[in-house]
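Peer 1: Residue numbers (full-length UniProt numbering): 1 to 1262. Heads up, the beta-carbon is just placed ideally off N, CA and C, and yes, glycines get one too. Just so we're clear, the structure is a prediction, and the values are computed from it rather than from any experiment.
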């Protein structure tokens, strides 16, 4: 069926559902009998209607129909129509209307008992299938097998007659109108929590109350963490709450990577906000219960605490009551999490505190039931095994249900005779051992029954090799994957596993993972107190084995472009997931993700340096490519940092550091387009980089000529790109693991400083964020904004704790005291306010400045506050009394920044006058003045170097300053000498901060980025002992040779592709050979910035114009032909006529002038209504086509122009950081290599940089 017909089908069902919903409303109001059935049916049909409306809207979009119309979807829609048509006939619309007009009491409900349930079940099933086919949820990353009724969770429910009171209590909580938000069912290992969860989930589903379920499973990739919890819950929840669909779709559209964000963002955007958008239901408040099982098996303790803080927020919903049934062991993180939330929102039940007689009854009933089934299946005597044996089994199992479960599995194993297995259990008299000994020892000793000693030893060894791997895998693998990883046949593995069904979940499908039935089996095998027992497994030895196996697997299977992508510019989001599955089997994925995990767990990670180094030398880039494709780059960076910390070999440590720098530098593009690791990554790496040299053979074959590249890594670690506007505030957390950035885009972003990953985006301000500060304990973040508001955020959840907004004057700057008790804010009226951070009350109003407050800084002990103002002074205030202690005068212009040293001995101030003053805090005397205008040497283009930010390092030996010319400077506090100049930002860095651990410097810039700089080498290392600024300059930051002495504004290549002309803020025009890159000529003469250059079509002339309105015409050999009369305003555009005899110029004074290039004379001046920004001559030269219309040219034109020579006409473009050749995305330019101006000819592109440098790149033709 075509999309149009499909849309018509959807509309037909929508209309039918609307009719039925209306009829159900009539029946509900007039018929007393079967009212519950009527309401349930009405709600279910209405839910289907809303889903279909959303589906129709999606199909009506530009690409919607093509993406979702297929036979399965259409078949389900057709079946819905058939079911609903029959239902409508039963309701009999005409008869109903007549009954209403006559006697209302004649109206009766036409469905028989049970028929409503069947209709509802059918509609639910079709609704789920339609929703699954899909409402644009494709980008959500959900956890496979997490739902209670998935294949992976197909375990038994509670036996009828057991857990009766407990199950009833939970159901009463779920259905009570005043029930609490959370029910926490906790109990020790083996007490039956998961079985209860499955039972409750199943019951609630039958009643229409189950919203969703998620069963955590320790050691499983998807189910072992909370990363995919909310996407998985939402995917299920929208089936029962279709009104959420539009909100979820909007969240995904707004942020396609929402599944990658922190829990708070996922919860708010995917779950809470769509939930709150649901209006009141027309019948009653809806209740949905979400079951989350085994919360203690979530690997991240911090995630558990965050989760418990987030869930109670669902009480904000008035139209839908969401309740959570949580089960877990009573582990400390969970107990602490519950202790931090109000008892008003949760109730608890402790399983291991249930009276022993109740537990005994339920376990006894369970064992009797299982043994009865076994008698029937295996044709055993009716009196088997007898009351005495049954009682003995019950005693062995109490109080753990997992014990009863394991015993019954063991006895009923189809490969053994039940009577013998029972005797083995009953004969075990090791009552002095733990319960688990009594359960697991008989199971394993059966493996050795009837074996010779040598055979037994071999069986035990194979057991440890196979089972040891299975229990220590970071995530389960299938038999097929185990076979490839262990390099062992599937038959050998299956033979060893077939007798272990009582402790392992072993699917018949060898592509499905083998899982532990219960974690207690793993704990029992690894117990160090049982080192001398037969089946004890040496954890460290197995980790060593797994490290070796993973390395071997990767060496054997990794290669460049493993997924066979068609081009190096292929985006990761465009890669077909089926292709990924085909080329990256689960054992290879596992090896790539977890080899370093196993290495570190060996406790002797440096034992096999040669093997690790050999792998990295051969396969490092191939490994990172796979991690990029899988979306695990942050993990790779953390793994490299971990590896570097445990490797003792100095050379290898240096090489791993280089690898980590490589990944950090390229993390953004590797995440976007993985094959750019070999293109952009290698091409722009420093020439002496270990990665670049080692993998030089991997350079793309289409790349012929590299640009100018640095020799070594600079101090810049990474560039953080995600803000949409200027970054004006930065702050490190006390542990230096998180960087906060505040921006003019109204947001605060939190970054992982180890991996560069964006952790959270905090939204709550309505204008620019101008200041951010962490509290001393790192738990809160304070932000100040131009919206006159100061917000305090909870870092763990990202929640807004409270706001200070009870004043009207504009906040220009803000700071928080080191003890976190005071907040200082400065206004544009010269007033400083001191606030109590806990009570939000104003403590002091400090008034003495006469103009705007630009900067504030507390002393380390919090006793002093320094304020800098546009009145050119610094004032020091006593924070306890609010009195003015002193006024410091030493600057001759605005004071833009102040900062105390961490030890409190110095105060640094920076001014618009270009100086930095260092003051002795004790005496308030001026120690020294550092002048930024004296370094480096000024040029004719110098525009001032206002000091806009200063910071002093944690050891108080180094000062960092930022200037208005985008330069960061590092100073020796003792001598005042410049240690280093840091360049990399494209615009002014408004903020600088040192990390508390002394390892990094952060800067936030007007270019919309934040940068992290490494300050541990070079100027802060051994060179610190030397006095010469020359020797102290870090060799890593060796600057690219400058060609222009200032920013390149314009680059243009001649029509024949031979010469590049560049214009700069240094007033110069330079001519370059496109072929060799050599400088041909420097053309002086302009007295202002040169911002326009144009070649004549015959390649003989060059015109250049500067901002002062001067146009010069040159021969391409460098001789000045003419200086044209000065224009009244700036030149916007210039173009030569096809015969090169005329030059047209468009000026800001709304004129277009035509010049004779032979004589340099003005031949025509044309007035236009608005400034011309673009123009070109017509082919015959008699007309000038402009953005303001066509202009006639009065000049005798020569039709013949034989001197015109054109270069290769290949199409090359530079768009959003990408170089395209003939429309093909080819090469990503890192931030610092993106030009201010560029031009291309054929397969060569010329780049002009802010630094003044000119560079060329050449590509191989297709």
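#1: With distances taken Cα to Cα, identify the nearest neighbour of residue 1010 among 728, 247, 1161 and 832.
#2: Using 8 Å as the threshold, is the C-beta distance between residue 774 and residue 799 below it?
#3: For the beta strand (DSSP E) that residue 1171 lies in, which residues bound it at each end?
#4: Under the rule that 16 or more other beta-carbon atoms within 10 Å means buried, what is residue 595, buried or exposed?
#5: Compare the beta carbon distance of residue 1096 and residue 1131 with 8 Å and say whether it is the shorter of the two.
#6: How long is the line joining the alpha carbons of residue 659 and residue 894, rounded to whole angstroms?
#7: Could you pull the start and end residues of the alpha helix (DSSP H) that residue 366 belongs to?
#8: Compute the Euclidean distance between the alpha carbons of residue 1013 and residue 911, then round it to the nearest angstrom.
#9: Buried or exposed: where does residue 1174 fall if 16 or more other Cβ atoms within 10 Å of its Cβ makes it buried?
#10: At the level of alpha carbons, what is the spacing between residue 195 and residue 202?
#11: So, under 8 Å CB-CB, residue 1323 and residue 590 are touching, yes? Tell me the CB distance rounded to an integer number of Å.
#12: Let me know the secondary structure DSSP gives residue 296 once reduced to three states.
#13: If you pair each beta-carbon of the stretch 316-334 with each one of the stretch 365-381, do three or more pairs fall below 8 Å?
#14: Have a look at the DSSP bridge pairing and note the partners of residue 980.
#15: Assign residue 765 to buried or exposed, taking buried as 16 or more other Cβ atoms, counted over all protein chains shown, within 10 Å of its Cβ.
#16: Thinking C-alpha only, which one of 832, 460, 714 and 450 is nearest residue 853?
#17: In this structure, does DSSP put residue 436 in helix, strand or coil?
#18: Sort 963, 147, 549 and 535 by Cα distance to residue 217 and report the nearest one.
#19: Who are residue 931's beta bridge partners in DSSP?
#20: Does DSSP classify residue 1136 as helix, strand or coil?
#21: From this set, 718, 794, 213 and 901, which residue's C-alpha is nearest residue 305's C-alpha?
#22: When the Cα of residue 1180 is compared with those of 1194, 652 and 1128, which residue comes out closest?
#23: With DSSP collapsed to three states, give me the class of residue 896.
#24: Please name the residue in 865, 837 and 861 whose C-alpha comes closest to that of residue 847.
#25: Does the Cβ-Cβ distance between residue 1052 and residue 991 come in under 8 Å?
#26: Starting from residue 323, trace the beta strand (DSSP E) in both directions and tell me its first and last residue.
#27: Whole angstroms is fine: what's the gap from residue 200's alpha carbon to residue 779's?
#28: Using CA atoms only, rank isn't needed, just tell me which of 514, 411 and 492 is closest to residue 476.
#29: Kindly indicate if chain C contains any beta-carbon less than 8 Å away from that of residue 1234.
#30: If you count every other CB in all the chains shown that lies within 10 Å of the CB of residue 1244, and 16 or more means buried, which is it?
#31: Beta carbon of residue 969, beta carbon of residue 1016: below 8 Å?
#32: Is it true that the CB of residue 789 sits closer than 8 Å to the CB of residue 768?
#33: For residue 217, which of helix, strand or coil comes out of DSSP?
#34: Tell me the rounded alpha-carbon separation between residue 731 and residue 629.
#35: What do you get for residue 285, buried or exposed, if any count of 16 or more other CB atoms within 10 angstroms of its CB means buried?
#36: So, are the CB atoms of residue 219 and residue 473 less than 8 Å apart?
Peer 2: On the basis of the coordinates in this document:
#1: The shortest C-alpha to C-alpha distance from residue 1010 to any of 728, 247, 1161 and 832 is the one to 728.
#2: No, they are not a contact pair.
#3: Element bounds for residue 1171: n/a, residue is neither H nor E.
#4: Counting Cβ neighbours within 10 Å, residue 595 comes out buried, since at least 16 surround it.
#5: In this structure, residue 1096 lies away from residue 1131, with their beta-carbon atoms at least 8 Å apart.
#6: Across the structure, residue 659 and residue 894 are spaced so that their CA atoms are roughly 44 Å apart.
#7: Bounds of the alpha helix (DSSP H) holding residue 366 are 356-378.
#8: Roughly 24 Å between the two C-alpha positions.
#9: The residue is exposed, with fewer than 16 neighbouring Cβ atoms inside 10 Å.
#10: In a straight line, the C-alpha of residue 195 is about 11 Å away from that of residue 202.
#11: Beyond the ends of the chain as shown, which are 1 and 1262, falls residue 1323; an answer cannot be given.
#12: DSSP places residue 296 in the helix class (H, G or I) of the three-state scheme.
#13: No, they do not touch.
#14: Bridge pairing for residue 980: 970 [DSSP].
#15: Counting Cβ neighbours within 10 Å, residue 765 comes out buried, since at least 16 surround it.
#16: Of 832, 460, 714 and 450, the smallest CA-CA separation from residue 853 is found for 832.
#17: Helix at residue 436.
#18: Nearest C-alpha to residue 217: 147.
#19: As DSSP reads the structure, residue 931 sits in a beta bridge with 915.
#20: DSSP, read as helix, strand or coil, puts residue 1136 in strand.
#21: The residue with the shortest Cα to Cα distance from residue 305 is 794.
#22: Cα-wise, what sits closest to residue 1180 is 1194.
#23: Of the three classes helix, strand and coil, the one that applies to residue 896 here is strand, per DSSP.
#24: Checked all of 865, 837 and 861; the closest Cα to residue 847 is 865.
#25: For residue 1052 and residue 991, no; Cβs fall outside 8 Å.
#26: Its beta strand (DSSP E) spans residues 320-328.
#27: Cα-Cα distance, rounded: 37 Å.
#28: The shortest Cα separation from residue 476 among 514, 411 and 492 belongs to 514.
#29: This model lacks chain C altogether, as it is built from one protein chain only.
#30: It is buried - the Cβ of residue 1244 has at least 16 other Cβ atoms within 10 Å.
#31: Residue 1016 is positioned such that its CB atom lies no closer than 8 Å to that of residue 969.
#32: In this structure, residue 768 lies away from residue 789, with their beta-carbon atoms at least 8 Å apart.
#33: For residue 217, the secondary structure class from DSSP, reduced to helix, strand or coil, is coil.
#34: Between residue 731 and residue 629, the C-alpha separation is close to 32 Å.
#35: Residue 285 is exposed by the Cβ-count criterion.
#36: For residue 219 and residue 473, yes; Cβs fall inside 8 Å.
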